[in-house]
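What follows is a single structure, written as structure tokens, with notes after it.
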Amino acid sequence: MLRGRGVIAIFIAALFCTLSTSNIGAQEGDSAYVRAESLVVVEHDNFSHDSDAYTQGLEFYQGRLFESTGLRGNSSLREVNLSTGEVIRSIDLDESEFGEGITFVGGDIIQLTWQSEVAYRYDVDTFEVIANYTYDGEGWGLAYDGEYLIMSNGSNVLQFRNASTFELVSTINVTLNNESLSNLNELEYWDGLLYANIYHREEIVAIDISSGVVVLHIDASGLKTPGGEVLNGIAFDATTQSLWITGKYWSKMYNITFIEPTIPPTPDSDTDNISAETPLQEINSVYSTVILAILLISVPVLLILDINNRQKDTGIGMNLKDGGHNPTDAGVPK
Ligand SMILES: [Ca+2]
Numbered sequence: 100m101l102r103g104r105g106v107i108a109i110f111i112a113a114l115f116c117t118l119s120t121s122n123i124g125a126q127e128g129d130s131a132y133v134r135a136e137s138l139v140v141v142e143h144d145n146f147s148h149d150s151d152a153y154t155q156g157l158e159f160y161q162g163r164l165f166e167s168t169g170l171r172g173n174s175s176l177r178e179v180n181l182s183t184g185e186v187i188r189s190i191d192l193d194e195s196e197f198g199e200g201i202t203f204v205g206g207d208i209i210q211l212t213w214q215s216e217v218a219y220r221y222d223v224d225t226f227e228v229i230a231n232y233t234y235d236g237e238g239w240g241l242a243y244d245g246e247y248l249i250m251s252n253g254s255n256v257l258q259f260r261n262a263s264t265f266e267l268v269s270t271i272n273v274t275l276n277n278e279s280l281s282n283l284n285e286l287e288y289w290d291g292l293l294y295a296n297i298y299h300r301e302e303i304v305a306i307d308i309s310s311g312v313v314v315l316h317i318d319a320s321g322l323k324t325p326g327g328e329v330l331n332g333i334a335f336d337a338t339t340q341s342l343w344i345t346g347k348y349w350s351k352m353y354n355i356t357f358i359e360p361t362i363p364p365t366p367d368s369d370t371d372n373i374s375a376e377t378p379l380q381e382i383n384s385v386y387s388t389v390i391l392a393i394l395l396i397s398v399p400v401l402l403i404l405d406i407n408n409r410q411k412d413t414g415i416g417m418n419l420k421d422g423g424h425n426p427t428d429a430g431v432p433k
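Following the numbering used here, the residues of the sequence shown are numbered contiguously, the last one being 433.
And the structure:
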């Protein structure tokens, strides 16, 4: 027959098994869970931007600003005067092609196309095409981390490509607060992180490219100019250490930095409830709390019962049939 302490041990073990299996998957509080830091943009300056430019790529090279524009029949590669927004020079893509992201590898510009599955490599000074590469699927954003080209395609997957041959080397899945993050669009590699604006959101994320984890989640709302479409274009000017953003048909480019919000966002309000607990998770959480409370109350009660049982076994303080009570000292074995 089970003794009191044995019952307690089994009871505790069963409860901890229940608690440990009631929440499955990485959630806030787990060691595997990484929550992005929430920041907001601060505008420091702004310059004119061509409001006819359907911006798809934005990049600085030695203090000079370059831009790729999209739409079939209106796609181009251009060098732009940052201060005035004027187009210094440009070339048009074939009318069948839709320009997308650009980046620099040395003095060469590489430009993606959306669905033509071809990328062009240009000489920066002449805009002469010096190579072209084919790839599978769509092309959205492009960046260069000094070793690999990093390419987005509208999904949650980033592709790492050989900077000389454009061959696919590896891929990584991007997650925001442990949820897959799709629609990664224009890209910028800066200071060890890959920045991406999210299509159809006024949001920028900074991605740790060794893990795919988003470490900064930036609210970039409030900058879109009248007539503008989505935010699309991040470029860091190393010569002035300044970061610039714009969007499709935006009439301005903005020099920005990021800061912590004055009022911290609530845990589930900053990303369309991407990290919100599901109803099942909420039930599990309540269930675990109730079980834990029962555990805390039950242990001392069971311990008292166990002590009483042992007292009965040894005859200590035993009540007599006639209503009397054995003196304690008389019943204690010496
Ligand atoms: Ca860029």
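Quick reminder that beta carbons are idealized off the backbone N, C-alpha and C, glycines included.
Report task. May I ask you to report which of helix, strand or coil DSSP gives Arg171? Result -> For the purposes of this step, residue 171 is taken as residue 72 along the sequence shown, with counting starting at 1. It is coil, neither helix nor strand.
Query raised in the report: Within this structure, are the beta carbons of Ser215 and Glu196 separated by less than 7 Å?
Result: On the sequence shown, residue 215 is found 116 positions in, with the first residue counted as 1. On the sequence shown, residue 196 is found 97 positions in, with the first residue counted as 1. Closer than 7 Å, so yes.
Report task. State the DSSP-derived secondary structure class of Thr324, mapped to helix, strand or coil. Result -> The count along the sequence shown starts at 1 and reaches residue 324 at position 225. Reduced to three states, the DSSP call for Thr324 is coil.
Query raised in the report: Is any heavy atom in ligand 1 found nearer than 6 Å to the beta carbon of Leu435?
Result: In this structure the chain extends from 100 to 433, so residue 435 is not present and cannot be described.
Requested in this report: Count the other C-beta atoms from every protein chain shown that fall within 10 angstroms of the C-beta of Thr225, then say buried if there are 16 or more, exposed otherwise.
Outcome: Counted from its first residue, the sequence shown places residue 225 at position 126. That one is exposed.
Requested in this report: Whole angstroms is fine: what's the gap from Lys323's alpha carbon to Val329's?
Outcome: Here residue 323 refers to the residue found at position 224 of the sequence shown. Here residue 329 refers to the residue found at position 230 of the sequence shown. Counting only the Cα atoms, Val329 lies some 8 Å from Lys323.
**Report entry** Where the beta strand (DSSP E) containing Gly156 begins and where it ends
**Finding:** Stepping through the sequence shown from its first residue, residue 156 is reached at position 57. 154–160 is the extent of the beta strand (DSSP E) around Gly156.
Query - Leu164 Cβ short of 6 Å to ligand 2 heavy atom set - result: What this structure holds is ligand 1, not ligand 2.
Query raised in the report: Is it right to say Ile355 is buried, meaning 16 or more other beta carbons lie within 10 angstroms of its own, or is it exposed?
Result: As a working note, residue 355 is residue 256 in the sequence shown. Buried: at least 16 other Cβ atoms inside 10 Å.
Query raised in the report: Grouping DSSP H, G and I as helix and E and B as strand, with all else coil, what is Ser137?
Result: Translated into the one-based positions of the sequence shown, residue 137 becomes position 38. In this structure, Ser137 counts as strand in the three-state DSSP scheme.
Query - From Leu157, Tyr232, Gln258, residue whose alpha carbon lies closest to that of Ile308 - result: The count along the sequence shown starts at 1 and reaches residue 308 at position 209. Checking every option, the nearest Cα to that of Ile308 belongs to Gln258.
**Report entry** Cross-strand partners of Lys351 (DSSP beta bridge)
**Finding:** As a first step, residue 351 must be located in the sequence shown, where it is residue number 252. The secondary-structure analysis by DSSP pairs Lys351 across a beta bridge with Ser147.
Requested in this report: Please list the segments of the beta strand (DSSP E) lying wholly inside the region 285–315, counting only runs of 3 or more residues, in order along the chain.
Outcome: 292–297, 302–307
Report task. Return the residue from the list Ser350, Pro363, Gly332, Tyr247 that minimises the CA-CA distance to Phe159. Result -> Position 60 of the sequence shown, counting from 1, holds the residue named residue 159. Checking every option, the nearest Cα to that of Phe159 belongs to Gly332.
Query - CA-to-CA distance, Arg163 to Thr377, given in whole angstroms - result: In the sequence shown, residue 377 corresponds to position 278, counting from 1. In the sequence shown, residue 163 corresponds to position 64, counting from 1. In this prediction, Thr377 has a pLDDT of 40, which is less than 50 and means its spatial position is unreliable; what the coordinates show is noted afterwards. Going by the C-alpha atoms only, they are around 48 Å apart.
Report task. Give the DSSP bridge partners of Leu257, in chain order. Result -> As a position in the sequence shown, residue 257 is number 158, starting the count at 1. Looking at the DSSP assignment, Leu257 forms a beta bridge with Ser251, Ile271.
Query raised in the report: Should Ala295 be listed as close to ligand 1, given that the test is whether its C-beta is under 6 Å from any heavy atom?
Result: Here residue 295 refers to the residue found at position 196 of the sequence shown. Not one heavy atom of ligand 1 lies closer than 6 Å to the C-beta of Ala295.
Report task. Tell me whether the beta-carbon of Val256 lies closer than 7 Å to the beta-carbon of Thr274. Result -> Position 157 of the sequence shown, counted from the first residue, corresponds to residue 256. Position 175 of the sequence shown, counted from the first residue, corresponds to residue 274. For Val256 and Thr274, no; Cβs fall outside 7 Å.
Requested in this report: With distances taken Cα to Cα, identify the nearest neighbour of Val133 among Ile297, Met250, Glu278.
Outcome: Here the question's residue 133 lines up with position 34 in the sequence shown. When each option's Cα is compared against that of Val133, the closest is Glu278.
**Report entry** Test: Leu181 CB closer than 7 Å to a CB of chain B
**Finding:** No chain B appears in this structure, which consists of one protein chain only.
Query raised in the report: Hey, how far is the Cα of Val313 from the Cα of Glu136?
Result: Taking the first residue of the sequence shown as 1, we reach residue 313 at position 214. Taking the first residue of the sequence shown as 1, we reach residue 136 at position 37. Cα-Cα distance, rounded: 9 Å.
Report task. Go through its chain and collect everything with a Cβ distance to Ala152's Cβ below 6 Å, but skip five positions before and after it. Result -> Taking the first residue of the sequence shown as 1, we reach residue 152 at position 53. Within the same chain, and ignoring the five residues on either side of Ala152 in sequence, the residues whose Cβ sits closer than 6 Å to its Cβ are Thr168.
Query raised in the report: For Ser374, which of helix, strand or coil comes out of DSSP?
Result: As a working mapping, residue 374 is identified with position 275 in the sequence shown. Residue placement at Ser374 is poorly supported in this model, since its pLDDT is 40, which falls under 50; the coordinates still yield a value, given next. In this structure, Ser374 counts as coil in the three-state DSSP scheme.
**Report entry** Inter-residue Cα distance where the pair is Ile208 and Thr339
**Finding:** Position 109 of the sequence shown, counted from the start, is the residue given in the question as residue 208. Position 240 of the sequence shown, counted from the start, is the residue given in the question as residue 339. Rounded to whole angstroms, Ile208 to Thr339 spans 21 Å at the Cα level.
Query - Continuous beta strand (DSSP E) stretch holding Ala242: start and end - result: Along the sequence shown, one-based indexing puts residue 242 at 143. First-last of the beta strand (DSSP E) with Ala242: 241–243.
Query raised in the report: So is the beta-carbon of Ile333 under 6 Å away from any non-hydrogen atom of ligand 1?
Result: Working through the sequence shown from its first residue, we reach residue 333 at position 234. True, at least one ligand heavy atom lies under 6 Å from that Cβ.
Query raised in the report: Is it right to say His438 is buried, meaning 16 or more other beta carbons lie within 10 angstroms of its own, or is it exposed?
Result: Examination of residue 438 is not possible in this model, given that the chain is present from 100 through 433 alone.
Requested in this report: Less than 8 Å between the CB atoms is what I'm expecting for Tyr294 and Glu287, so what's the real figure, rounded?
Outcome: Position 195 of the sequence shown, counting from 1, holds the residue named residue 294. Position 188 of the sequence shown, counting from 1, holds the residue named residue 287. Indeed they touch by this definition, with Cβ atoms about 4 Å apart.
Requested in this report: Figure out for me which residue from Leu248, Gly172, Tyr298 has the closest Cα to the Cα of Ala319.
Outcome: Within the sequence shown, numbered from 1, the residue matching residue 319 stands at position 220. With distances taken between Cα atoms, Ala319 lies closest to Tyr298.
Query raised in the report: Can you find a heavy atom of ligand 1 that lies under 6 Å from the Cβ of Glu287?
Result: Numbered from 1 along the sequence shown, position 188 holds the residue referred to as residue 287. Yes, the beta carbon of Glu287 sits closer than 6 Å to at least one heavy atom of ligand 1.
Report task. Determine the burial state of Ile362: buried for a count of at least 16 other Cβ atoms within 10 Å of its Cβ, exposed for fewer. Result -> What you label residue 362 is simply residue 263 of the sequence shown in a count that begins at 1. Its Cβ having fewer than 16 others within 10 Å, Ile362 is exposed.
Report task. Would you give the residue range spanned by the beta strand (DSSP E) that Ser189 belongs to? Result -> Within the sequence shown, numbered from 1, the residue matching residue 189 stands at position 90. Annotation for Ser189: the continuous beta strand (DSSP E) segment containing it runs 186–191.
Requested in this report: Alpha carbon to alpha carbon, how far is Gly238 from Ile373? Give it in angstroms, no decimals.
Outcome: The residue you call residue 373 lines up with position 274 of the sequence shown. The residue you call residue 238 lines up with position 139 of the sequence shown. Note that Ile373 scores 41 on pLDDT, short of 50, meaning its location in the model is unreliable; the coordinates nonetheless yield the value given after this. The straight-line gap from Cα to Cα measures roughly 26 Å.
Query - Top-ranked residue by Cα proximity to Glu285, from Gly326, Thr264, Gly240 - result: Here the question's residue 285 lines up with position 186 in the sequence shown. Among Gly326, Thr264, Gly240, the Cα nearest to that of Glu285 is on Gly240.
**Report entry** Exposure of Ala200, with buried meaning 16 or more beta-carbon neighbours within 10 Å
**Finding:** In the sequence shown, the residue the question calls residue 200 occupies position 101. The residue asked about is misnamed: residue 200 is Gly in this sequence, not Ala. In the assembly as shown, Gly200 is a buried residue. Its beta-carbon has 16 or more other beta-carbons within 10 Å.
Report task. Specify the secondary structure class of Ala230 as computed by DSSP and reduced to three states. Result -> Reading the sequence shown from its first residue, position 131 is the one you call residue 230. Strand, per DSSP.
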